[in-house]
Amino acid sequence: KMTQQMRDLQLAQARKPPGPSSPNAAKRLYRNLSGKFRVNYTSFDEGSLVGRGEKEKLRKSYLFQSNAALFEAVELQDLDRVQELLKHYSPEELDLNTPNSEGLLPLDIAIMTNNTPIARALLQAGAKESPHFVSLESRSLHLSTLVREAEQRVNELMAQVVNEAPNADCSEKEKQLKAWEWRFRLYKRMKAGFEHARVPDAPSSVHLSVASSSSLQVTFWEPLSVNSAVVTKYKVEWSCSPTFLPLLGEAVIDKLKDLHFTIRGLVSGTAYHVRVSAYNMKGWGPPQASTPPFAVPSNWREYDGRAPRRRGQAEALDHLLGQVKTVHQHCICHEPCKNQPQSRKHSVSKSLKHLFHPGSKFLKTLKRGLYLTAIFYKDDNILVTHEDQIPVVEIDDTYSCLLMQDFLWFTKVSCMWDEILWLRQCVTVSQSSCSCILQTRFKMLLAISQMQGLLGIQDLGQVFFEPIKDKQGNILIVTLKEVKTNQTFESVRWVPICKLQTSRKSVSSPEEPTALDTLLISVQDKLAYHQRSSHALSPGLYLGYLKLCSAVDQIRVLVPERLPNILCHVKIRSNPNISREEWEWLQKMARVEEPVSTEPEADTSQNPLFQELQVAIKELMTLVNIPLQEAKDFRLYSQEVLDFGDQVSFLLLLPPSEDVCTAPGQNNPYTPCSGFLTLPLQIFELGEER
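In this text, residue positions in the sequence shown follow UniProt numbering: the first is 1, and each later residue adds one.
This is the structure in structure tokens:
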């Protein structure tokens, strides 16, 4: 018999012990395991274990129990317990795809009892159907065998219970009889579920979009009716012919967490037709053709043959920097820097002892000048010196030059923390003959070297977008870096930020706080800015809002506080690619020389990109608090799509040309009131590059 062969195979492999034989046994097992789900087996007293062998034996025992509990939870249709087991054990630990002694997998039981929630939970975890069911006939025969053998066992036990006198053995046989009666009913329910099921309907919708010049993105949705059987996989087919003859390719998707598939390796400029069909235990259902019925792989750059803007730029800059280094390598116009702090190969843990050395050159107070401070933080803790001070070094105590130019130069230097020694050698100057600006920048490099040497860390992090000033004439440049490693360093002092704020004794008045006091008061805001500025956008096409404002010495750009390294934006769709056809339509709209419309027109209302843009424009105008009727004067930037890597792209929405950049003192009707900030344009560009 097929069932007997499967049992012999499982016994030979000795993969797992049989599970509880009744619902009561399963419930007892659940109670025994319930207190152990949140405790790792290695948390037991190591002294109670003789060696690794016993610990491994204990571990396997719990895994065996969890596997048996999973089968019983599926059979009892206990969704909560199934989810709990899947949460606390990996598929490998649960032996999720190894058949039991009856030749069944947990997913088989779930789909044949038509328990959709449990089946979906198992599919999300990577569950498969039993490989033994190679055809409908084999599945039907196997179920019939299980039902027949269970019925025979019930009849045998019933006869024994009736014929035997009451005793302990009879009581045990009554328990076995109840367990087999329950299993008999389970198998009959599974058999009936299989017999009444039919193949699934076609997927309710299939959307086709152009992902690149050589790929298409297929997104599909579940059938409206699965005909009493859970869908366990989908098939995507593609062809150059609407009849799908010949078929160019197909792919079976059995990981159903995300119902989409990317067809790669296609020929640019060729039309492809796509269809998708669903599968359940009764077989494949009818296919559903995509909408639109075909698509042509392409990219907007093919419209005029434009090369990527940044192609080869990084390599060219590295080559240029190498040439500059070569020229300066043997230059005699600068004196070699001797005894540089970073030239000593200190380990981080050893160098951090400088924080607590009596000869440390960190400053405790500011005395009118330009200073550098480095904030290293981990969770809610901040790195401080032995005197519970944030590390501060002096740049220039006679600073009087134009700050913004020097500050922007400093932010560019922060992209080359590892090259400070070389930069110092190139900028070494005679204090009597050089300009104020060059002297200040040389002092900045000296201060960076001093901070790196005292901390033993070269990477000082990201520069905060504006320096801190006070009325005493102090200017504080702040760098921020998050320490994500769990490594602990000898003699390092991490202090909770709240404790540092409350314990510091201010030497200034509340009306006129020093720059250091201002830093401590606002340190959480600066850390939040630093964390948010490192967040990345999810893949997709976005609509960005470009708004500038000018001052005497700089131009600033409007950004959202929640993501200050990106323009104000909303997501148009998950597919970042603009196809050639879509770009041609945008160029046609731009040549009309009419403002952006928020109302559909007869010839464009069926264009998917037009519909997506309508929704995005309305959402963006609401975000920046601009009345929708004023969007009629806005325009889409039609010169190019801004690509940020392969996964993120932007279309820009611009105010009227005279209002793109607001002059000082000019009334600005297109700037939102809250939830946004303005960054210096150069700072924004550097953050974007990071």
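From the three backbone atoms N, C-alpha and C, an ideal C-beta is built for every residue, glycine too.
Neighbour flag for residue i against chain D, beta carbons, 9 Å
i      : result
His-88 : Looking for chain D here will not work: only one protein chain is present.
Identity of the residue in the options nearest residue i by Cα
i       : options                               : result
Leu-651 : Glu-612, Gln-389 and Ile-375          : Glu-612
Thr-365 : Lys-378, His-386, Phe-376 and Glu-394 : Glu-394
Leu-654 : Leu-677, Ala-663, Glu-630 and Arg-120 : Glu-630
Leu-408 : Gly-453, Lys-361 and Glu-466          : Glu-466
Thr-502 : Leu-520, Ser-268 and Glu-512          : Leu-520
Lys-378 : Cys-549, Leu-527 and Val-615          : Leu-527
Ser-550 : Lys-632, Thr-662 and Tyr-399          : Thr-662
His-530 : Ala-307, Ala-374, Thr-485 and Thr-291 : Ala-374
Glu-584 : Lys-571, Gly-312, Phe-610 and His-386 : Phe-610
Leu-642 : His-535, Arg-310, Glu-195 and Lys-484 : Arg-310
Ser-241 : Gly-453, Ser-534 and Ala-289          : Ala-289
Gly-283 : Glu-658, Leu-136 and Leu-224          : Leu-136
Arg-148 : Val-276, Lys-325 and Lys-191          : Lys-191
Ala-307 : Leu-686, Pro-664, Glu-640 and Gly-687 : Glu-640
Asp-95  : Phe-71, Leu-143 and Cys-436           : Phe-71
Asp-396 : Asp-406, Gln-666 and Glu-387          : Asp-406
Lys-471 : Glu-581, Leu-543, Leu-370 and Glu-512 : Glu-512
Contacting residues, own chain, Cβ-Cβ under 8 Å from residue i (five flanking each side not counted)
i           : result
residue 691 : No statement about residue 691 is possible, as the shown extent of the chain runs from 1 to 690 and does not include it.
Asn-280     : Ile-111, Ala-197, Val-199, Pro-200, Val-226, Asn-227, Ala-229, Val-230, Val-231 and Thr-232
Ala-150     : Trp-180, Arg-183, Phe-184 and Tyr-187
Leu-445     : Val-413, Ile-420, Leu-423, Arg-424 and Val-427
Val-660     : Leu-546, Lys-547, Leu-548 and Leu-654
Lys-361     : Val-393, Gln-450 and Leu-454
Close-in-space but distant-in-sequence residues of the same chain around residue i (CB under 7 Å, 5 per side omitted)
i       : result
Phe-294 : Ala-271, Tyr-272 and His-273
Gln-647 : Pro-539 and Pro-576
Ser-574 : Pro-539 and Gly-540
Val-384 : Ile-390, Arg-493, Val-495 and Leu-500
Trp-221 : Pro-203, Ser-204, Ser-205 and Leu-259
Glu-75  : Ile-109 and Leu-186
Glu-619 : Val-570
Met-621 : Leu-628 and Ala-631
Phe-684 : Val-557 and Val-559
Distance between beta carbons of residue j and residue i, contact taken as under 8 Å
i           : j       : result
residue 694 : Leu-141 : Only positions 1 to 690 of the chain appear in the structure, and residue 694 is not among them; the question remains open.
Gly-126     : Pro-91  : 5 Å
Ser-298     : Ser-579 : 5 Å
Leu-105     : Asn-97  : 6 Å
Phe-376     : Val-559 : Wrong, their Cβ atoms sit about 25 Å apart, outside the cutoff.
Asn-474     : Arg-635 : Their Cβ separation, rounded to whole angstroms, is 45 Å, which puts Asn-474 and Arg-635 out of contact at 8 Å.
Leu-586     : Ser-657 : That pair is no contact at about 18 Å.
Gln-462     : Leu-480 : 5 Å
Where the beta strand (DSSP E) containing residue i begins and where it ends
i           : result
Asn-155     : Note, Asn-155: premise wrong, no beta strand (DSSP E); alpha helix (DSSP H) at 136-163.
Ala-235     : The displayed chain sequence assigns Lys, not Ala, to residue 235. 233-239 is the span of the beta strand (DSSP E), which, as asked, contains Lys-235.
His-132     : Element bounds for His-132: n/a, residue is neither H nor E.
Lys-378     : 370-378
Ile-617     : First-last for Ile-617: 608-623, but that is the alpha helix (DSSP H), not the beta strand (DSSP E).
Ser-225     : Careful: Ser-225 lies outside any beta strand (DSSP E) and carries neither H nor E.
His-535     : Element bounds for His-535: n/a, residue is neither H nor E.
Ala-278     : 272-280
residue 705 : With the chain represented from 1 up to 690, any question about residue 705 goes unanswered, as that position is not in the structure.
Glu-512     : Taken as a continuous stretch (DSSP letters only), Glu-512 belongs to no beta strand (DSSP E), as it is neither H nor E.
Asp-304     : It is not in any beta strand (DSSP E) - Asp-304 carries neither H nor E in the DSSP assignment.
Contacting residues, own chain, Cβ-Cβ under 6 Å from residue i (five flanking each side not counted)
i       : result
Gly-249 : Trp-238
Asn-114 : Gly-193 and Ser-228
Lys-588 : none
Ser-21  : Since pLDDT at Ser-21 reaches only 45, below the 50 mark, its modelled position is unreliable, and the value read off the structure follows with that caveat. Closer than 6 Å at the Cβ level, and outside the excluded window around Ser-21, lie Ala-179.
Gln-554 : Met-404 and Pro-680
Gln-682 : Leu-408
Ile-468 : Leu-476, Ala-515, Thr-518 and Leu-519
Limits of the unbroken alpha helix (DSSP H) element including residue i
i           : result
Phe-503     : Inspection of the sequence shows that residue 503 is occupied by Ser rather than by Phe. Segment 497-503, the alpha helix (DSSP H) holding Ser-503.
Asp-258     : Premise fails: Asp-258 is in no alpha helix (DSSP H) and is neither H nor E.
Glu-108     : The amino acid occupying residue 108 in the given sequence is Asp; Glu does not appear at that position. Counting along the chain, the alpha helix (DSSP H) containing Asp-108 begins and ends at 106-112.
Gly-453     : 436-455
Phe-410     : 403-413
Leu-94      : 91-94
residue 695 : Coverage of the chain is limited to positions 1 through 690, which leaves residue 695 absent and any answer about it impossible.
Ile-420     : 420-427
Gln-288     : No alpha helix (DSSP H) holds Gln-288; the beta strand (DSSP E) holding it covers 288-295.
Residue i: CB within 8 Å of a non-hydrogen atom of the ligand ZN
i       : result
Ile-395 : Within the structure as shown, the ligand ZN is missing, as the structure has no ligands at all.
Review point. When the Cβ atoms of the region 165-184 are set against those of the region 122-136, are three or more pairs found closer than 8 Å?
Key: no
Review point. Are the region 201-216 and the region 256-263 touching by the rule of at least three beta carbon pairs closer than 8 Å?
Key: yes
Review point. Looking at C-beta atoms only, is the number of pairs between the region 405-419 and the region 559-576 that lie closer than 8 Å three or more?
Key: no
Point to revise | Meets three-Cβ-pair contact criterion under 8 Å: the region 242-257 and the region 302-318 | key: no
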